[in-house]
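Reading through the C-alpha cells given below for one structure.
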Amino acid sequence: MSATGISAQPGPPLWLLAELTYRCPLHCAFCYNPVDFATSGPELSTDDWLRVLREARAAGSVQCGFSGGEPMLRDDLEVLVAEAHRLGFYTNLLTSGVGLTPERAAALKAAGLDHIQLSFQDSTRELNDFLSHTRTFDLKQRVATLIKENGWPMVMNCVIHRLNIDYIDRIIEMAVELGAEYLELANSQYYSWALLNRDQLLPTRAQIERAERVTNEYREKYGDRIRIFFVVPDYHEKRPKKCMNGWGNVFLTVTPDGTALPCHTAKMLPGLAFPNVRDLGVREIWYESEGFNRYRGDGWMKETCRSCPDKEKDLGGCRCQAYMLAGDPAEADPVCDRSPAHHVVLDALARAEAGKGREVPLVFRDPAASRRLAG
Amino acid sequence: MSTPVAMDACPRVSRRFRLQWEEAQQAWVLLYPEGMVKLNQSAGEIMRRCDGSRTVAAIVAELEQAFGASGLADDVAKFLDLARGQQWIEG
Ligand code: SF4
Ligand code: SF4
Numbered sequence: 001m002s003a004t005g006i007s008a009q010p011g012p013p014l015w016l017l018a019e020l021t022y023r024c025p026l027h028c029a030f031c032y033n034p035v036d037f038a039t040s041g042p043e044l045s046t047d048d049w050l051r052v053l054r055e056a057r058a059a060g061s062v063q064c065g066f067s068g069g070e071p072m073l074r075d076d077l078e079v080l081v082a083e084a085h086r087l088g089f090y091t092n093l094l095t096s097g098v099g100l101t102p103e104r105a106a107a108l109k110a111a112g113l114d115h116i117q118l119s120f121q122d123s124t125r126e127l128n129d130f131l132s133h134t135r136t137f138d139l140k141q142r143v144a145t146l147i148k149e150n151g152w153p154m155v156m157n158c159v160i161h162r163l164n165i166d167y168i169d170r171i172i173e174m175a176v177e178l179g180a181e182y183l184e185l186a187n188s189q190y191y192s193w194a195l196l197n198r199d200q201l202l203p204t205r206a207q208i209e210r211a212e213r214v215t216n217e218y219r220e221k222y223g224d225r226i227r228i229f230f231v232v233p234d235y236h237e238k239r240p241k242k243c244m245n246g247w248g249n250v251f252l253t254v255t256p257d258g259t260a261l262p263c264h265t266a267k268m269l270p271g272l273a274f275p276n277v278r279d280l281g282v283r284e285i286w287y288e289s290e291g292f293n294r295y296r297g298d299g300w301m302k303e304t305c306r307s308c309p310d311k312e313k314d315l316g317g318c319r320c321q322a323y324m325l326a327g328d329p330a331e332a333d334p335v336c337d338r339s340p341a342h343h344v345v346l347d348a349l350a351r352a353e354a355g356k357g358r359e360v361p362l363v364f365r366d367p368a369a370s371r372r373l374a375g
Numbered sequence: 001m002s003t004p005v006a007m008d009a010c011p012r013v014s015r016r017f018r019l020q021w022e023e024a025q026q027a028w029v030l031l032y033p034e035g036m037v038k039l040n041q042s043a044g045e046i047m048r049r050c051d052g053s054r055t056v057a058a059i060v061a062e063l064e065q066a067f068g069a070s071g072l073a074d075d076v077a078k079f080l081d082l083a084r085g086q087q088w089i090e091g
C-alpha cells in the first residue's frame, strides 16, 4: 500500500459487468444506457463473449453481472451463463424480467445462474406503465414467482425518483408480498437519460426525508424478513460517492459493441480512448491501456482534491459527473460542497424545490429519441 | 447475539454464500449476490472446514495439527460466533 491507500499495482478486475445488448423493450425515463445507444456498433458475438469471460476470469474476475439493455434478448444468454459458471464466476443476471419464461428460467438454473436481480419500476400499475411505457406489472409478479420457484435469492431493485418516491410504502409492501429477501430502493443517478429528465425526476428534500422515515418504519416492522437498502441521490449529499470504488480499481464494464470501460458511462469522457475487447486482451486492457490508467489513484487530481484531507475517502467522486457538471473530468465531483462548481448542484436542487419539472415533458428512452439526440 | 457456538456443533457454509479459493487474490472468498467477502488466512482455514460433517472440536484439532499450534479453541469459537452473526455459517 502506498500513502494514498491505493496499491501501486492495481488489483484484479474483480467485477465484470457484461452489457450484452442495448436493446430493451422498455423505455425508462431514467435509463442508464448512453443517450446515443442507438448509434452503437454491432454487438459482440457469442464467441467474443466466451473469450471475454475466459480472459477476465484468468485476470482474476470473480463476480459477473449480465445486464443490458435487457439481457434476456440475447438468445445465447444460457450459453454465456454456463461458461461463466464453469469458469468459477458468481453469476448475476440483471433483468426487467421481460422474456424470462418458465423454460428459460429452468435453462438458466441448469446453466448454473446464481442470482437474478429483478428491477421493478413501481408498485402501481398505472405509474409503472407510465414510467416504463409498457404493460409490465403483471409480468414482474410472474417473474418474481419464477425466481422463488427456482430457489434463487429474491433480490428486487426499484429506481426511486420524484414521481414514485411518495409511493415508497406501496413499493415496499409489494416487495414483501412477492417474497423479496432484499430490496434496493436506489434513487436515480443523474446520468444519461436521467440527466435529460433531471428536473422531472429529482425529488425534493422533504420527499427524501419522508421516504427514509417510511423505509425505517418498515425495517422495524419486518426485521429480518426483508433487508431494505435505501440509496439517497448524491445531489442531496455534501460529499460525493467513491465512484465505482475507485477508477480501474475493481470494475470492468464491457459494452455491447466490445468497448471496455471502468464504468458504464465513462465513454462520454473527452480525449480518452477506450480499448475494444476485439482488439486487446482483458489483462492488457486492465493494466496497460491509457483509458484505465488515466484516473487511477490520485495523481490526476487538480488542486481542490489534491490538497483535500478527504481525498482517500472518495477519490474526488465521479469523473463523469465532474465532466457533465463542471466541464472537466479532472475536477472535483460538483456534488462536493468544496467543488468550485457545487453551485450547479445547488441550482438543480433549487429547481427541484420549485417544481420546475412540471414545465417540460419527460423524454422516454427509445431508439428514435436516441438517434435524434445523438444528432 | 445468541449462545456461543458449541464444541460438538457441525457448522456448514450457509446456502446464501459460496466459499471458494481465488488464485488471483491468494485467498478464500465468500460470494453472494453482487458481493464478496475476502477472508484472511485464518478465517479461510476455518471456513473451508465448515462442511457440516466436522464438529467444532474436530476443526480445532485439525487446525492445531496443521499449524503446529495449541490452544486455538477460543479463537476458533470467537470467529465462528462472528461468522454466525454474519450468517456465513449455519448449524
Ligand atoms: S433502465 Fe429501463 S429502458 Fe434502460 S435498459 Fe433498463 S429496463 Fe431498459
Ligand atoms: S474536494 Fe475532492 S477529494 Fe475532497 S471531499 Fe471533495 S471531491 Fe472528495
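Those sequence lines, one after another, are chains A and B. Each residue of the first sequence is one higher than the last, beginning at 1 in UniProt numbering. Each residue of the second sequence is one higher than the last, beginning at 1 in UniProt numbering. Here a beta-carbon is modelled for each residue, glycine too, at the ideal position from N, C-alpha and C.
Check whether the Cβ of A:Y32 lies closer than 8 Å to any Cβ atom in chain B. No, its Cβ sits nowhere closer than 8 Å to a Cβ of chain B.
Can you pull the chain A residues whose beta carbon is under 8 Å from the beta carbon of B:V29, in chain order? V62
Does A:H115 come within less than 8 Å of chain B when only Cβ atoms are used? yes
Pairs of beta-carbons, one from the stretch 35-43 of chain A and one from the stretch 325-336 of chain A, closer than 8 Å: are there three or more? no
Name, please, each residue of chain A whose Cβ falls closer than 9 Å to the Cβ of B:Q20. V62, G88 and Y90
Do you know offhand how far A:I208's Cα is from A:D169's? Approximately 13 Å between the Cα atoms of the pair.
Hey, is A:P102's beta-carbon within less than 8 Å of any beta-carbon in chain B? no
Contact shell at 7 Å, judged by CB to any heavy atom of ligand 1, ordered along the chain: Those satisfying the condition are, in chain order, A:C24, A:L26, A:H27, A:C28, A:F30, A:C31, A:Y32, A:N33, A:G68, A:G69, A:E70, A:S96, A:S119, A:S132 and A:R365.
Could you check where the beta strand (DSSP E) with A:W15 kicks off and where it finishes? W15 to E19
Mind checking which residues open and close the alpha helix (DSSP H) that includes A:H236? That residue, A:H236, is in no alpha helix (DSSP H); it is neither H nor E in DSSP.
Going along chain A in order, which residues have a C-beta closer than 8 Å to the C-beta of B:M47? By Cβ distance, chain A contributes nothing, its closest Cβ being about 16 Å from B:M47, past 8 Å.
Comparing alpha-carbon positions, which option in A:L77, A:R23 and A:D199 lies nearest A:S370? Of the listed residues, the one whose Cα sits closest to A:S370 is A:R23.
Indicate whether at least one CB of chain A lies closer than 8 Å to the CB of B:E34. yes
B:Q25 touches chain A at which residues, Cβ-Cβ below 9 Å? G11, P12, L14, G60 and V62
Using a Cβ cut-off of 8 Å (strictly closer), state whether B:R16 contacts chain A. yes
Should A:R225 be labelled buried (16 or more other beta-carbon atoms within 10 Å of its own) or exposed? exposed
DSSP three-state label for B:M36, please. strand
Return the chain-ordered list of same chain residues with a C-beta closer than 7 Å to the C-beta of A:P102, the five sequence neighbours on each side being excluded. L146
Looking at the structure shown, is A:E312 part of a helix, part of a strand, or coil, going by DSSP? helix
Could one say the Cβ of A:P153 lies closer than 8 Å to chain B's Cβ atoms, at least one of them? yes
Output the boundary residues of the beta strand (DSSP E) element that contains A:H115. H115 to S119
When the distance is taken between beta carbons, is A:A186 closer than 8 Å to A:M154? For A:M154 and A:A186, no; Cβs fall outside 8 Å.
For B:L19, I'd like the list of residues in its chain whose CB is within less than 7 Å of its CB, leaving aside the five on either flank, ordered along the chain. V13, W28, L30, M47 and R48
By Cβ distance below 7 Å, which residues in the same chain neighbour A:S123 in space, the five residues on each side in sequence not counted? Legend: pLDDT at A:S123 = 42, less than 50; position of this residue unreliable, value from coordinates given subsequently. Y167, R170, I171 and M174.
Which residues share a DSSP beta bridge with B:Q20? B:V29
Helix, strand or coil at A:E181 according to DSSP, with G and I counted as helix: coil
List the endpoints of the continuous alpha helix (DSSP H) containing B:I46. Element bounds for B:I46: Q41 to M47.
Rounded to the nearest angstrom, how far is the Cβ of A:G316 from that of A:M301, given a contact under 8 Å? 6 Å
Using DSSP bridges, identify the partner residues of B:E90. B:R12
6 Å Cβ shell around B:D57 - same chain, five flanking residues per side excluded: One detail in the question is off: residue 57 of chain B reads as Ala in this sequence, not Asp. Excluding positions up to five away in sequence, the list reads M7.
A:D317 Cβ short of 7 Å to ligand 2 heavy atom set: The sequence given here places Gly at residue 317 of chain A; Asp does not occur at that position. Yes, since a heavy atom of ligand 2 falls inside the 7 Å radius drawn around the Cβ of A:G317.
Contact belief for A:T259 with A:N276 at Cβ below 8 Å, rounded distance in angstroms: 6 Å
A:D199 versus A:Y190 - alpha carbon distance: 10 Å
Who pairs with A:F229 in a beta bridge, going by DSSP? A:E184
Count Cβ pairs between the stretch 63-83 of chain A and the stretch 231-238 of chain A that sit closer than 8 Å; are there 3 or more? no
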